[in-house]
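K.L.:
Residue numbers for the sequence shown follow my numbering, beginning at 344 and rising by one.
Submitted below is the structure of interest, expressed as structure tokens.
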Amino acid sequence: MDECTDRLLDVQVLKFGTYTLRTGLVSPVYVDFREIFGFPDLLCELAELIFQASREAQYELVCGVPYTALPLATCLSITHRLPLLIRRKEAKGYGTKRIVEGKFVPGQTCLIVEDVVTFGTSILDTARILQQAGLKVTDAVVLLDRAQGGAERLASCGIRVWSVNTLPQILKSLGSRGRLDQDTICKVLDFLAAHQYESDASANGSALPPNEQLGASEKVPRIISAAAMSYGQRTLLPTTAPFATRLLSLMEEKRTNVALAADVLSCAEALALAEELGPEICMFKIHADALGGFDESFHLRLAEIAKRHRFLLFEDRKFADIGSVARRQYEGGIFRISHWADVVTVHAVAGPSALLSLQEACSSTDNGAFIVSEMSCQGSLAVGNYTQAAVEMAKVCRDFVAGFICTSRVTTDPSWVLVTPGVKLQEGGDGQGQQYLTPEEVIGRRGTDVIVVGRGIIDADDRLATAQAYRHAAWQAYEGRVAQI
Numbered sequence: 344m345d346e347c348t349d350r351l352l353d354v355q356v357l358k359f360g361t362y363t364l365r366t367g368l369v370s371p372v373y374v375d376f377r378e379i380f381g382f383p384d385l386l387c388e389l390a391e392l393i394f395q396a397s398r399e400a401q402y403e404l405v406c407g408v409p410y411t412a413l414p415l416a417t418c419l420s421i422t423h424r425l426p427l428l429i430r431r432k433e434a435k436g437y438g439t440k441r442i443v444e445g446k447f448v449p450g451q452t453c454l455i456v457e458d459v460v461t462f463g464t465s466i467l468d469t470a471r472i473l474q475q476a477g478l479k480v481t482d483a484v485v486l487l488d489r490a491q492g493g494a495e496r497l498a499s500c501g502i503r504v505w506s507v508n509t510l511p512q513i514l515k516s517l518g519s520r521g522r523l524d525q526d527t528i529c530k531v532l533d534f535l536a537a538h539q540y541e542s543d544a545s546a547n548g549s550a551l552p553p554n555e556q557l558g559a560s561e562k563v564p565r566i567i568s569a570a571a572m573s574y575g576q577r578t579l580l581p582t583t584a585p586f587a588t589r590l591l592s593l594m595e596e597k598r599t600n601v602a603l604a605a606d607v608l609s610c611a612e613a614l615a616l617a618e619e620l621g622p623e624i625c626m627f628k629i630h631a632d633a634l635g636g637f638d639e640s641f642h643l644r645l646a647e648i649a650k651r652h653r654f655l656l657f658e659d660r661k662f663a664d665i666g667s668v669a670r671r672q673y674e675g676g677i678f679r680i681s682h683w684a685d686v687v688t689v690h691a692v693a694g695p696s697a698l699l700s701l702q703e704a705c706s707s708t709d710n711g712a713f714i715v716s717e718m719s720c721q722g723s724l725a726v727g728n729y730t731q732a733a734v735e736m737a738k739v740c741r742d743f744v745a746g747f748i749c750t751s752r753v754t755t756d757p758s759w760v761l762v763t764p765g766v767k768l769q770e771g772g773d774g775q776g777q778q779y780l781t782p783e784e785v786i787g788r789r790g791t792d793v794i795v796v797g798r799g800i801i802d803a804d805d806r807l808a809t810a811q812a813y814r815h816a817a818w819q820a821y822e823g824r825v826a827q828i
């Protein structure tokens, strides 16, 4: 597959720069499969890849979306002796005046062939025309999925999409072999993450009404903003890190975006908090080096409680040393953080070396890290250019960095989870430099994703009731934010 990807780059199917798409969006990448028409061997190779990618699909006919996919469908038809249909963009004004040409019997199933899927509109358009002719459409196959929500949109309409490759996979392949620079890769991934299709009522349902035509509003799909995307939608983004996917999925399923900061003195107290409040939270944050009596039995017991109550373990270590030292701190010592923590924090001050070392240490897991880009304490130096540098640094380790510790929306990229400490039901300070914000301010107005609450819950007379109050307030703020846009 790498050899084929290189060929696509060499013949300029893959173009990187500044391009205006049919939707009006300005994109850093343009995919033009018309370039393959001058290379018959490449055309046949790609047609065979299409056949292999859709082997599990059940169909009797093939039809290419006009016009780029027509040669691909023709090649597929000839090579594998599959009856071919031609879908015209408009019916002829003479002769049979048919919009679908070819021999078929109503009720037969047709596979749609397309070169690229972005939002899925051209495939939907073709599917509706084929259905109007009495054909069934259950599957489509594409050479490239741009990973912008089109496949999911089509699935909601009852059309499975089989793809030879995805744009993020191609970027990874080119980058790993030095054929594309990291800056370009980051620009493209940022673009894909920021321009996802927003599902709407017209695209829902298990089947396409046979007489339904595409409305004008579907020709240019609406793009959902980062703040308006649900946690569940964000798990589908190609740039969302594995741990971020775990966390976002958990929050959506459990309906909580509260992380508990277990700022207590002993392991026994921490275990008691986890047992009592675990059902209300998505993450349980500790400072292992501040807990008295830490040993292996503690983290084993904590992991058992986390599994039972469905929350993730968050070690707020704030790694800030060179890579080799950070890795030893992560894997070794008396805390052996890598053995039990799902996510850790990392300062940006030492540059990307610590991130890269930690990523390598847990390459076989779906653990992750939050970069500390802002802090909630008064007088913090993590502001301005430092914050922006921290965000840029995260792009070096997209598979590992799950998001940021911050007090504001430091990035519009919905792939990353924004975690805000220093939250209370009422604003104020603690007299020691800590500044508190409310869940509505943090989640609703500033647009971050997770609130971290410590003393606001731990010091309460009724911890459980207070945790439930925070959970309700934070979730209500999230739902209000998503519903607004």
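Note that the Cβ used here is the ideal one computed from N, Cα and C, for glycine as well.
1. Could you tell me which residues DSSP pairs with residue 867 in its beta bridges?
2. Give the straight-line distance between the Cα atoms of residue 455 and residue 482, rounded to the nearest whole angstrom.
3. Taking 8 Å as the threshold, find out whether the stretch 666-677 comes into contact with the stretch 693-705 through three or more Cβ pairs.
4. Assuming residue 447 is part of the alpha helix (DSSP H), what are its boundary residues?
5. How would you write the range of the alpha helix (DSSP H) that residue 519 sits in, first residue to last?
6. By the DSSP assignment, the alpha helix (DSSP H) with residue 383 in it spans what residues?
7. I need the boundaries of the beta strand (DSSP E) containing residue 712, first residue and last residue.
8. Using 8 Å for Cβ pairs, my map puts residue 817 next to residue 786. What's the rounded Cβ distance?
9. With DSSP as the reference, label residue 555 as helix, strand or coil.
10. Which class does residue 528 belong to by DSSP, given the choice of helix, strand or coil?
11. If you run the structure through DSSP and keep just helix, strand and coil, what is residue 762?
12. Going by alpha carbons, who is nearest to residue 591 out of 617, 804, 605 and 625?
13. Could you please give me the residues that DSSP links to residue 359 through a beta bridge?
14. From the DSSP output, which residues share a beta bridge with residue 746?
15. For the stretch 753-763 and the stretch 568-587, state whether three or more C-beta atom pairs, one from each stretch, are separated by less than 8 Å.
16. Are the stretch 408-425 and the stretch 438-449 touching by the rule of at least three beta carbon pairs closer than 8 Å?
17. Relative to the alpha-carbon of residue 622, which residue among 632, 605, 651 and 637 has its alpha-carbon at the smallest distance?
18. When the Cα atoms are used, what is the spatial distance from residue 618 to residue 711?
19. In whole angstroms, give me the CA-to-CA distance for residue 655 and residue 491.
20. Rounded to a whole number of angstroms, what is the C-alpha to C-alpha distance between residue 803 and residue 575?
21. Using the DSSP secondary-structure output, state which residues sit across from residue 347 in a beta bridge.
22. Who are the near neighbours of residue 414 in its chain, counting only those whose CB is closer than 7 Å to its CB and skipping five residues on each side?
23. Give me whichever residues DSSP pairs with residue 603 in a beta bridge.
24. Hey, is the stretch 523-539 in contact with the stretch 492-512, meaning 3+ C-beta pairs nearer than 8 Å?
25. By a C-beta neighbour count over all protein chains shown, 10 Å radius and 16 as the cutoff for buried, is residue 735 buried or exposed?
26. Going by DSSP, what residue range makes up the alpha helix (DSSP H) through residue 379?
27. Which residues mark the beginning and the end of the alpha helix (DSSP H) in which residue 666 is found?
28. In the DSSP assignment, find the unbroken alpha helix (DSSP H) run with residue 632 in it and report its ends.
29. Between residue 593 and the rest of its own chain, which residues show a CB-CB distance below 8 Å, the 5 nearest in sequence each way excluded?
30. Does the stretch 388-395 come close enough to the stretch 364-373 to have 3 or more Cβ pairs within less than 8 Å?
31. Once DSSP output is grouped into helix, strand and coil, what is the label at residue 621?
32. Can you list, in chain order, the residues of its chain with a C-beta nearer than 6 Å to that of residue 687? Leave out the 5 residues immediately preceding and following it.
33. Reducing DSSP to helix, strand and coil, say where residue 422 ends up.
34. Mark residue 507 as exposed unless 16 or more other C-beta atoms lie within 10 angstroms of its C-beta, in which case mark it buried.
35. Going by Cα to Cα distance, which pick from 731, 588 and 717 is closest to residue 765?
36. Helix, strand or coil for residue 432, going by three-state DSSP, please let me know.
P.N.:
The answer reads as follows:
1. Outside the displayed span of the chain (344 to 828) sits residue 867, for which this structure offers no information.
2. Indexing the sequence shown from 1 puts residue 455 at position 112. Indexing the sequence shown from 1 puts residue 482 at position 139. CA-CA distance, residue 455 to residue 482, rounds to 7 Å.
3. Cβ pair count under 8 Å is three or more, so yes.
4. Reading the sequence shown from its first residue, position 104 is the one you call residue 447. For residue 447, there is no enclosing alpha helix (DSSP H), as DSSP marks it with neither H nor E.
5. Counting from one through the sequence shown, the residue named residue 519 turns up at place 176. Following the DSSP letters along the chain, one finds residue 519 inside the alpha helix (DSSP H) bounded by residues 510-519.
6. Taking the first residue of the sequence shown as 1, we reach residue 383 at position 40. Looking at the DSSP string, the run of the alpha helix (DSSP H) that includes residue 383 is 383-396.
7. Taking the first residue of the sequence shown as position 1, residue 712 is located at position 369. DSSP places residue 712 in the uninterrupted beta strand (DSSP E) bounded by 711-715.
8. The sequence position of residue 817 within the sequence shown is 474, counting from 1. The sequence position of residue 786 within the sequence shown is 443, counting from 1. Between residue 817 and residue 786 the beta-carbon gap is near 6 Å, inside 8 Å, which marks them as a contact.
9. Along the sequence shown, read from residue 1 onward, the residue named residue 555 stands at position 212. Confidence in residue 555 is poor, its pLDDT being 38 and thus under 50, which makes the residue's placement unreliable; the coordinate value appears in the next sentence. Coil, per DSSP.
10. Translated into the one-based positions of the sequence shown, residue 528 becomes position 185. Residue 528: helix per DSSP, three-state reduction.
11. On the sequence shown, residue 762 is found 419 positions in, with the first residue counted as 1. Three-state result, residue 762: strand.
12. Working through the sequence shown from its first residue, we reach residue 591 at position 248. For residue 591, the nearest C-alpha among the options comes from 625.
13. Here residue 359 is taken as the residue at index 16 of the sequence shown, counted from 1. According to DSSP, which records beta bridges pairwise, residue 359 is partnered with 372.
14. In the sequence shown, the residue the question calls residue 746 occupies position 403. Residue 746 pairs with 713 and 760.
15. They touch, by the three-pair rule.
16. Contact fails: fewer than three Cβ-Cβ distances are below 8 Å.
17. For the purposes of this step, residue 622 is identified with residue 279 of the sequence shown, where counting begins at 1. With distances taken between CA atoms, residue 622 lies nearest to 651 out of 632, 605, 651 and 637.
18. For the purposes of this step, residue 618 is identified with residue 275 of the sequence shown, where counting begins at 1. For the purposes of this step, residue 711 is identified with residue 368 of the sequence shown, where counting begins at 1. Taken atom to atom, the span from the alpha-carbon of residue 618 to that of residue 711 is near 24 Å.
19. On the sequence shown, residue 655 is found 312 positions in, with the first residue counted as 1. On the sequence shown, residue 491 is found 148 positions in, with the first residue counted as 1. Each residue's alpha carbon lies about 28 Å from the other.
20. Here residue 803 refers to the residue found at position 460 when the sequence shown is read from its first residue. Here residue 575 refers to the residue found at position 232 when the sequence shown is read from its first residue. Roughly 32 Å between the two C-alpha positions.
21. Your numbering for residue 347 matches position 4 in the sequence shown. Beta-bridge partners assigned by DSSP to residue 347: none are found.
22. Stepping through the sequence shown from its first residue, residue 414 is reached at position 71. Answer for residue 414: 380 and 386, listed in chain order.
23. Within the sequence shown, the letter at position 260 stands for residue 603. DSSP lists 627 and 796 as partners of residue 603.
24. Pairwise C-beta distances place the stretch 523-539 in contact with the stretch 492-512, as three or more of them are shorter than 8 Å.
25. On the sequence shown, position 392 is the one that residue 735 refers to. Under this definition residue 735 is an exposed residue.
26. As a first step, residue 379 must be located in the sequence shown, where it is residue number 36. In the DSSP assignment, residue 379 falls outside any alpha helix (DSSP H), carrying neither H nor E.
27. For the purposes of this step, residue 666 is taken as the residue at position 323 of the sequence shown. That run of the alpha helix (DSSP H) goes 666-674.
28. The residue given as residue 632 occupies position 289 in the sequence shown. Looking at the DSSP string, residue 632 is not in any alpha helix (DSSP H), and its letter there is neither H nor E.
29. Along the sequence shown, read from residue 1 onward, the residue named residue 593 stands at position 250. 625, 653, 654 and 655.
30. Segments in contact, no.
31. Counting from 1 along the sequence shown, the entry for residue 621 is found at position 278. Correct three-state label for residue 621: helix.
32. By 1-based counting over the sequence shown, the position of residue 687 is 344. Taken in chain order, the residues that qualify are 658, 660 and 712.
33. The residue labelled residue 422 in the question sits at position 79 within the sequence shown. In the structure shown, residue 422 sits in a helix (DSSP, three-state: H, G or I).
34. As a position in the sequence shown, residue 507 is number 164, starting the count at 1. Sixteen is the threshold: when 16 or more other Cβ atoms of the shown chains lie within 10 Å of the Cβ of residue 507, as they do, the residue is buried.
35. As a first step, residue 765 is located in the sequence shown; it is residue number 422 there, counting from the start. Among 731, 588 and 717, the Cα nearest to that of residue 765 belongs to 717.
36. Residue 432 sits at position 89 when you count from the first residue of the sequence shown. In the three-state scheme derived from DSSP, where H, G and I count as helix and E and B as strand, residue 432 is classed as coil.
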